[in-house]
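Number of protein chains: 2
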Amino acid sequence: MVNDIKLLSTLEAMTGPTPHPPTKAQLLELVAALGTAQWQDFAAAAARHGLTSVQAKLLAQLKGPVPMRGLAALLLCDASNVTGIVDRLEARGLVRREPDPSDRRVKNVVATDEGHETIRRVRAEMQATHSALDALDEDERTALYDLLARLRPGLEHRG
Amino acid sequence: MVNDIKLLSTLEAMTGPTPHPPTKAQLLELVAALGTAQWQDFAAAAARHGLTSVQAKLLAQLKGPVPMRGLAALLLCDASNVTGIVDRLEARGLVRREPDPSDRRVKNVVATDEGHETIRRVRAEMQATHSALDALDEDERTALYDLLARLRPGLEHRG
DNA sequence: CGAGTTGCTTGACGATCTCAAGCATCCATG
DNA sequence: CATGGATGCTTGAGATCGTCAAGCAACTCG
Numbered sequence: 159m160v161n162d163i164k165l166l167s168t169l170e171a172m173t174g175p176t177p178h179p180p181t182k183a184q185l186l187e188l189v190a191a192l193g194t195a196q197w198q199d200f201a202a203a204a205a206r207h208g209l210t211s212v213q214a215k216l217l218a219q220l221k222g223p224v225p226m227r228g229l230a231a232l233l234l235c236d237a238s239n240v241t242g243i244v245d246r247l248e249a250r251g252l253v254r255r256e257p258d259p260s261d262r263r264v265k266n267v268v269a270t271d272e273g274h275e276t277i278r279r280v281r282a283e284m285q286a287t288h289s290a291l292d293a294l295d296e297d298e299r300t301a302l303y304d305l306l307a308r309l310r311p312g313l314e315h316r317g
Numbered sequence: 159m160v161n162d163i164k165l166l167s168t169l170e171a172m173t174g175p176t177p178h179p180p181t182k183a184q185l186l187e188l189v190a191a192l193g194t195a196q197w198q199d200f201a202a203a204a205a206r207h208g209l210t211s212v213q214a215k216l217l218a219q220l221k222g223p224v225p226m227r228g229l230a231a232l233l234l235c236d237a238s239n240v241t242g243i244v245d246r247l248e249a250r251g252l253v254r255r256e257p258d259p260s261d262r263r264v265k266n267v268v269a270t271d272e273g274h275e276t277i278r279r280v281r282a283e284m285q286a287t288h289s290a291l292d293a294l295d296e297d298e299r300t301a302l303y304d305l306l307a308r309l310r311p312g313l314e315h316r317g
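These protein sequence lines map, in sequence, to chains G and D. Okay, so the first sequence: first residue is 159 according to this note's numbering, each after it adds one. Okay, so the second sequence: first residue is 159 according to this note's numbering, each after it adds one.
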């Protein structure tokens, strides 16, 4: 593919010389470092609102009503763990437990207005992440998005 | 920059049509999802070796001797927290505390041979991450590396 | 109806995390 | 040198997070 040569040289011109293609290990390390940095940015923003990162992560899942069991699946943890997290969020009025009309065993968790507003602010206050993305222009963001989208299938479908 | 147009069209040719540039929110969500997936891949690999993710993360920092204080800075947590984590790693022979020759207050933490070997295996067993990266060819990996490297400054230098 | 399954909670226990206190060691200033 | 203030680490209290086992209520199927 001839264009790939151009792509490579273009990027080298933008970012300084790339010492040949990166090792898989180097790429892995970079991905890990950025993932960690972004998570800490998220945790810090959540802490400013008196939330732990786990509480904020749970709150972020609540676009609609979600049963406890579903939250456990989303967070990849035991259902009994979700009970405690929701307890604390509910005690602060950020979340509500509603009975499921079609199955009386199920309790659906819903974010209150204050809950929605809080998680919206947390996302908005991830300054490090926002400013990092601002360093890219529109074409670069598109390129990044496409590359990351190609990584998704491999990472999500796991045992 | 004329070349960016070529870059964009090249990537579109490789990845299929992109429905216009992604929202910052979409990109953010994708980055978050992949960061989470990679972290869980890491945690699962660590668990197979009887390590918690935090223990594995600490072990991953030990290319050389690092004082307790330095570990606290790297992990962005309180020094008293590091004490407990190192205690448990030391009890399993993965890590050693050595006195610092130039400052008797300091204890340097060093990975034992078994510690190095364990973290090496954990990295090698991150199957989901490895197979995700295998989906990219060499030029794409280079492009991804360069784009991520440009994100680094914004994310790392934080207050 | 009865046996098995599923959804949630509870209790026990360990790991992680922070804060306040404490001890030993440095270091800077007099 | 002496001493007061930093600095590095540990300890203990207390909260959250995470798992597992056990229990109860409700659903499902025969």
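A virtual CB, placed ideally from N, CA and C, is assigned to each residue, including glycine.
| Query | Result |
| --- | --- |
| At a CB distance below 9 Å, what residues from the region 289–311 of chain D approach chain G? Give them in sequence order. | Ser289, Ala290, Leu291, Asp292, Ala293, Leu294, Asp295, Glu296, Asp297, Glu298, Arg299, Thr300, Ala301, Leu302, Tyr303, Asp304, Leu305, Leu306, Ala307, Arg308, Leu309, Arg310 and Pro311 |
| Which partner residues does Lys265 (chain G) have in the DSSP bridge list? | G:Pro257 |
| Residues of the region 265–281 of chain D in Cβ contact with chain G at a cutoff of 8 Å, in chain order, please. | Arg281 |
| If we define contact as Cβ-Cβ less than 7 Å, is Leu232 (chain D) a contact residue for chain G? | no |
| Between Lys221 (chain D) and chain G, is any beta-carbon pair separated by less than 7 Å? | no |
| Please name the residues in the region 226–250 of chain G whose beta-carbon is closer than 7 Å to at least one beta-carbon of chain D, in chain order. | Leu234 |
| Would a C-beta distance cut-off of 7 Å place Leu185 (chain D) and Arg299 (chain G) closer than the cut-off? | yes |
| Taking C-beta pairs closer than 9 Å, name the residues in chain D that Val212 (chain G) reaches, listed in chain order. | Within 9 Å Cβ-Cβ: nothing; Val212 (chain G) doesn't reach chain D, min ~12 Å. |
| Between the Cα of Ala203 (chain G) and those of G:Ile277, G:Leu313, G:Tyr303 and G:Asp245, spot the shortest distance and give me the residue it belongs to. | G:Ile277 |
| Just verifying my parser: in three-state terms, what is the DSSP assignment at Pro225 (chain G)? | strand |
| Okay, do the region 260–277 of chain D and the region 206–217 of chain D touch, 3+ Cβ pairs below 8 Å being the bar? | yes |
| Among G:Val224, G:Gly208, G:Glu187 and G:Leu234, which residue has its Cα nearest to the Cα of Thr194 (chain D)? | G:Leu234 |
| Look at the Cβ atom of Gln196 (chain G), then the Cβ atom of Thr287 (chain G), and state whether they are nearer than 7 Å. | yes |
| Who are the neighbours of Glu314 (chain G) on chain D, taking C-beta pairs under 7 Å? | Ala195 |
| Could you tell me whether any Cβ in chain G is nearer than 7 Å to the Cβ of Ala203 (chain D)? | no |
| Do the region 288–307 of chain G and the region 299–313 of chain D meet, that is, are 3 or more Cβ pairs less than 8 Å apart? | yes |
| Mind listing the chain D neighbours of Val224 (chain G)? Cutoff is C-beta to C-beta under 9 Å, in chain order. | Neighbours of Val224 (chain G) on chain D: none; closest Cβ ~17 Å, over 9 Å. |
| Going by beta carbon distance, what residues of the same chain come within less than 7 Å of Pro257 (chain D), once the five residues before and after it are set aside? | Lys265 |
| Once DSSP output is grouped into helix, strand and coil, what is the label at Arg310 (chain G)? | helix |
| So, is the C-beta of Leu188 (chain D) closer than 7 Å to a C-beta in chain G? | yes |
| According to DSSP, is Leu192 (chain D) part of a helix, a strand, or is it coil? | helix |
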